[in-house]
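Engineer: Here it is: the structure, laid out below.
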Amino acid sequence: MKIHEYQAKQIFAEAGIPVPPGKVATSPLEAYTIAEELNKPVMVKSQVHVGGRGKAGGIKYAESAEAAKVLAQKILGMDIKGLTVKKVLVTAAEDIISESYVGIILDRATKRPVIMVSPAGGVDIEQVAKDTPEKIFKLAVDPEQGLRAYQARDLASKLYRDMSQVRQAADIIMKLYKVFWDVDSSLVEINPLVTTPGGNVVALDAKLNVDDNGLFRQGDIAKMRDIDSEDPAEVEAREADLSFVKLDGSIGCIVNGAGLAMATMDLVKRYGGDPANFLDIGGSSSPQKVLSAFKIILADPNVKAILINIFGGITRCDDVARGIVDAFKEFKPEVPVVVRLTGTNEKEAAKILKAVNLPAGETLDEVVKKAIELAGVERE
Amino acid sequence: MSIFINKKTRTLIQGITGRDGSFHAEQMKNYGTNVVGGVTPGKGGTKVAGIPVFNTVAEAVKETKANATVVYVPPAFAVDAVYEAVDAGIKMIVCITEGVPANDMMKVYPYVKAHGARMIGPNCPGLISVDEAKMGIMPGNICKKGSVGVVSRSGTLTYEAIWALTLAGMGQTTCIGIGGDQVIGTNFIDCLEAFQADRATKSIVMLGEIGGSDEEDAAKFIKKYVTKPVVSFIAGQTAPPGKRMGHAGAIISGGSGLAADKIVALNKAGIPVAGSPTEIPVLLMEALKTKKVAKSTAKKPVAKKAAAKPKKKVAKKTTKKTTKKK
Chain C
0 MKIHEYQAKQ IFAEAGIPVP PGKVATSPLE AYTIAEELNK PVMVKSQVHV GGRGKAGGIK
60 YAESAEAAKV LAQKILGMDI KGLTVKKVLV TAAEDIISES YVGIILDRAT KRPVIMVSPA
120 GGVDIEQVAK DTPEKIFKLA VDPEQGLRAY QARDLASKLY RDMSQVRQAA DIIMKLYKVF
180 WDVDSSLVEI NPLVTTPGGN VVALDAKLNV DDNGLFRQGD IAKMRDIDSE DPAEVEAREA
240 DLSFVKLDGS IGCIVNGAGL AMATMDLVKR YGGDPANFLD IGGSSSPQKV LSAFKIILAD
300 PNVKAILINI FGGITRCDDV ARGIVDAFKE FKPEVPVVVR LTGTNEKEAA KILKAVNLPA
360 GETLDEVVKK AIELAGVERE
Chain L
0 MSIFINKKTR TLIQGITGRD GSFHAEQMKN YGTNVVGGVT PGKGGTKVAG IPVFNTVAEA
60 VKETKANATV VYVPPAFAVD AVYEAVDAGI KMIVCITEGV PANDMMKVYP YVKAHGARMI
120 GPNCPGLISV DEAKMGIMPG NICKKGSVGV VSRSGTLTYE AIWALTLAGM GQTTCIGIGG
180 DQVIGTNFID CLEAFQADRA TKSIVMLGEI GGSDEEDAAK FIKKYVTKPV VSFIAGQTAP
240 PGKRMGHAGA IISGGSGLAA DKIVALNKAG IPVAGSPTEI PVLLMEALKT KKVAKSTAKK
300 PVAKKAAAKP KKKVAKKTTK KTTKKK
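Here the protein sequences come in this chain order: C and L.
Just so we're aligned: the first sequence equals residues 0 to 379 in numbering that gives the first Met the number 0.
Just so we're aligned: the second sequence equals residues 0 to 325 in numbering that gives the first Met the number 0.
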């Protein structure tokens with residue numbers, strides 16, 4: 000799960016990491032009030048879950064509270080890479096001497112948290128990694144022993160020469176490492192970490208992603224989820240306990256298991272169609288889940304055919320078949336539906352599906368081709 | 000022959016009184032697995048499907064001499080169950096539980112390793128050594144005894160591939176689902192190494208998906224150490240970047256973990272990648288034939304060079320064919 004910059008800064012601030020003062024606003028008037036309270040020039044920063052906000056014109060400098068109001072007016076409602084800005088962070092503008100980068104990621108290869116620092120901050124770190132990898136310094140931390148102060152100091156010394164700044168940065172790295180563990184994070188990032196004319200080291204930006212698997216014990220953070228910034232269909236699917244990702248194609252897919260769901264999408268593409276979604280109904284096979292899946296997919300006007308692919312192991316095909324029959328009764332789908340149910344209780348399932356005149360039990364490749372044909376997709 | 004588990008493996012089931020645990024205890028037992036006991040704190044002395052239940056793993060090990068365990072404990076307690084198994088001296092731990100926090104896994108992984116134990120999963124379907132034993136939730140009826148080793152990051156996609164092999168008359172030795180999470184206890188390389196060492200396994204199927212670089216690492220490993228034919232399949236070619244595709248580990252982040260990159264790496268190592276699960280047995284048969292030709296001609300030292308050439312050509316052909324179809 001992603002949280003916004005203003006939320007991440009709140010967590011950082013609570014952990015003792017220095018961040019510029021600021022507050023979030025949802026209206027130009029609110030932005031004005033916050034800027035007035037801060038009583039100095041501010042930055043007005045759009046809060047959307049996407050990178051490159053600055054380039055898109057979603058981050059602006061305001062000399063006065065009046066200017067902040069005008070800018071907030073402009074930025075609120077702005078579209079950045081398909082997302083509408085609904086909130087702006089109004090935060091004190093800092094004079095910047097230098098910009099660097101500090102981040103911690105969960106590294107799959109070493110199965111450890113890896114701290115990355117770079118004196119080349121304020122830019123896309125992936126680009127730095129590509130162009131000038133020698134400017135990135137990494138440390139894989141032993142999760143059982145934790146981060147040692149000397150290690151943090153060592154990393155900080157890659158960023159600064161001034162000993163006071165090294166100490167400040169080392170302290171920030173130690174605290175960031177603690178945040179990483181405390182909130183079940185999969186990524187924390189300060190880009191840029193800046194130095195001010197007064198010699199202070201400050202986190203000018205903040206990014207924090209939370210491991211979805213850790214949310215059950217992160218009540219306060221789970222509440223930070225911004226449903227407004229997500230696709231409504233994906234929100235609905237999550238509430239129905241389905242794994243769902245919206246895509247642009249015309250073949251709606253209902254599958255059990257994530258790997259098979261991906262493979263089914265790939266086959267649709269391979270045979271000349273385009274999948275409308277990724278959807279995994281999961282291991283248990285309650286008819287209700289099939290019903291929810293139909294509802295979500297049928298709401299997508301792009302969908303021209305629905306493809307159901309179930310490999311029954313633990314999932315019982317007859318349960319899914321019952322769900323399909325219920326869905327036909329409730330939604331009376333106008334688009335063609337193609338079904339493949341194989342495995343546990345497939346014979347019972349075939350009988351149930353006869354009630355709605357749906358054949359089942361063909362091979363995967365066949366049903367995919369048929370769905371594409373029925374959707375009227377022109378073959379390349 | 001098989002890898003990791005066999006008829007003799009003495010298996011415990013942690014969380015045996017739960018909904019999933021009790022159901023699969025019976026399934027495992029029916030498959031012929033040597034299930035010697037179950038563990039649920041506070042339920043010691045009872046029985047599930049005729050299997051004795053103990054309060055602690057240590058007690059179960061003492062009474063039954065169990066040497067393996069399957070964990071069906073909910074995510075909040077699953078890692079604790081793994082620690083308990085390790086501390087009781089168990090060397091083979093299969094964790095089925097989905098939703099285990101990655102941070103917990105980062106901590107328990109080195110602990111498992113340091114105690115010389117193996118952990119498979121979490122978020123995995125477990126494994127089957129065909130006609131010998133099954134630990135986990137894979138449907139046993141789709142497998143057939145044979146000589147193909149199957150390793151996968153997925154669940155139902157694995158079943159699909161196994162079923163395609165079985166229909167084509169190509170039976171299996173052991174089928175393993177290593178799990179779809181970011182941090183897992185056993186990776187592709189561990190399984191490839193074991194399959195390479197297993198005499199009964201003559202060929203290997205490896206099913207990967209987007210996210211991470213395990214497939215790329217496996218490709219390098221195969222090129223260097225695996226002499227048995229390997230065929231692969233990679234799911235998620237149509238997955239958009241930055242979105243978690245069901246599995247916690249199935250995500251393209253920062254331009255890495257792409258299916259296309261994995262396919263290129265595998266092809267580079269001479270491993271054919273199937274365009275559809277049904278194509279897997281076809282490619283595997285081709286690879287096995289080529290291998291045989293290469294082997295029989297290789298007996299004469301003079302013919303060695305000649306034998307190596309056609310082998311390469313065929314490998315290239317398969318690569319071309321698969322890319323064309325995509």
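Ideal Cβ positions, reconstructed from N, Cα and C, are used throughout, including at glycine.
Please decide whether C/Glu372 counts as near chain L, where near means a Cβ-Cβ distance under 8 angstroms.
Structural biologist: no
Engineer: Distance check for C/Asp240 and C/Ala359, CA to CA, integer angstroms please.
Structural biologist: 26 angstroms
Engineer: With the cut-off set at 8 angstroms, would you say C/Gly322 and C/Lys288 are in Cβ contact?
Structural biologist: yes
Engineer: For L/Lys133, which residues does DSSP report across the bridge?
Structural biologist: L/Ile127
Engineer: How many Å lie between L/Val111 and C/Val165 at the Cα?
Structural biologist: 37 angstroms
Engineer: Consult DSSP for L/Gln171 and reduce its assignment to one of helix, strand or coil.
Structural biologist: strand
Engineer: May I ask you to report which of helix, strand or coil DSSP gives L/Phe3?
Structural biologist: coil
Engineer: What does the Cβ neighbour count give for L/Met118, buried or exposed, with the cut at 16 atoms within 10 Å?
Structural biologist: Flag for L/Met118 reads buried.
Engineer: Report the option in C/Ala304, C/Ala205, C/Lys303 and C/Arg111 whose CA atom is closest to the CA atom of C/Pro17.
Structural biologist: C/Ala205
Engineer: Have a look at C/Leu146, C/Gly121, C/Val116 and C/Asp247 and flag the residue whose alpha-carbon is nearest the alpha-carbon of C/Pro132.
Structural biologist: Distances from the alpha-carbon of C/Pro132 to those of C/Leu146, C/Gly121, C/Val116 and C/Asp247 put C/Val116 closest.
Engineer: Would you report the Cα separation of C/Lys1 and C/Ile135, rounded to the nearest angstrom?
Structural biologist: 24 angstroms
Engineer: Is C/Ser110 close to chain L? Criterion is C-beta to C-beta, closer than 8 angstroms.
Structural biologist: The sequence as given places Lys at residue 110 of chain C; Ser does not occur at that position. Output row for C/Lys110: interface = yes.
Engineer: Evaluate contact between the segment 58-65 of chain C and the segment 34-46 of chain C, counting only Cβ atoms and requiring at least three cross-stretch pairs below 8 angstroms.
Structural biologist: yes
Engineer: What whole-angstrom Cβ distance do L/Thr237 and C/Lys268 have, given they're in contact under 8 angstroms?
Structural biologist: 5 angstroms
Engineer: Applying a beta-carbon distance threshold of less than 8 angstroms, which residues of chain L neighbour C/Arg339?
Structural biologist: None at all; the shortest Cβ gap to chain L is about 11 angstroms.
Engineer: Along the segment 179-193 of chain C, what residues have a CB closer than 7 angstroms to any CB found in chain L?
Structural biologist: Trp180, Asp183 and Ser185
Engineer: Please classify C/Arg147: is it buried, with 16 or more other beta-carbons within 10 angstroms of its beta-carbon, or exposed?
Structural biologist: exposed
Engineer: Residues in the same chain with beta-carbon distance under 8 angstroms from L/Glu159, minus the five sequence neighbours each way, listed in chain order, please.
Structural biologist: Pro276
Engineer: Whole angstroms is fine: what's the gap from C/Lys331's alpha carbon to C/Asp317's?
Structural biologist: Distance between the alpha carbons of C/Lys331 and C/Asp317: 20 angstroms.
Engineer: So C/Val355 is in the alpha helix (DSSP H); what residue range does that whole segment cover?
Structural biologist: Membership of C/Val355 in any alpha helix (DSSP H) is not indicated, and neither H nor E is assigned to it by DSSP.
Engineer: What number of angstroms, rounded off, separates the C-alpha of L/Ser151 from the C-alpha of L/Glu214?
Structural biologist: 10 angstroms
Engineer: How many Å lie between C/Ala374 and C/Pro300 at the Cα?
Structural biologist: 13 angstroms
Engineer: Buried or exposed: where does L/Asn186 fall if 16 or more other Cβ atoms within 10 Å of its Cβ makes it buried?
Structural biologist: buried
Engineer: Which residues in chain L sit within 7 angstroms of C/Ala168, going by Cβ to Cβ distance?
Structural biologist: In chain order: nothing, as chain L lies at least about 24 angstroms away.
Engineer: By alpha-carbon positions, which one of L/Phe22, L/Ile183 and L/Glu83 ends up nearest to L/Pro40?
Structural biologist: L/Glu83
Engineer: Buried or exposed for C/Gly102, please, with buried defined as at least 16 other CB atoms from any protein chain shown within 10 angstroms of its CB.
Structural biologist: buried
Engineer: Quick check on C/Ile226: does DSSP put it in helix, strand or coil?
Structural biologist: helix
Engineer: If we cut at 8 angstroms on Cβ distances, does C/Arg107 have a partner in chain L?
Structural biologist: Cβ-Cβ to chain L under 8 angstroms: yes for C/Arg107.
Engineer: Identify the contact partners of L/Met105 in chain C, using a Cβ-Cβ distance below 8 angstroms as the criterion.
Structural biologist: In chain order: Leu105, Lys110, Arg111, Pro112 and Pro142.
Engineer: Anything in the segment 172-204 of chain L with a Cβ closer than 7 angstroms to a Cβ of chain C? List those residues in chain order, please.
Structural biologist: Gly179, Gln181 and Val182
Engineer: Fully enclosed by the segment 56-100 of chain L, which beta strand (DSSP E) runs are 3 residues long or longer?
Structural biologist: Within the segment 56-100 of chain L, the complete beta strand (DSSP E) runs of at least 3 residues are 67-70 and 91-94.
Engineer: I need the boundaries of the alpha helix (DSSP H) containing C/Gly173, first residue and last residue.
Structural biologist: Checking the sequence shown, residue 173 of chain C turns out to be Met, not Gly. That run of the alpha helix (DSSP H) goes Met162 to Asp181.
Engineer: Using only CA atoms, which one of L/Val60, L/Gly17, L/Leu11 and L/Arg18 lies nearest to L/Lys28?
Structural biologist: L/Leu11
Engineer: Please identify, using Cβ separations under 8 angstroms, the residues of the segment 346-370 of chain C that lie next to chain L, in order along the chain.
Structural biologist: Thr362, Leu363 and Asp364
Engineer: Measuring only between beta-carbons, confirm whether L/Ser146 sits less than 8 angstroms from chain C.
Structural biologist: no
Engineer: Compare the C-beta of C/Phe277 with all C-beta atoms of chain L and state if any pair is closer than 8 angstroms.
Structural biologist: Interface residue, yes.
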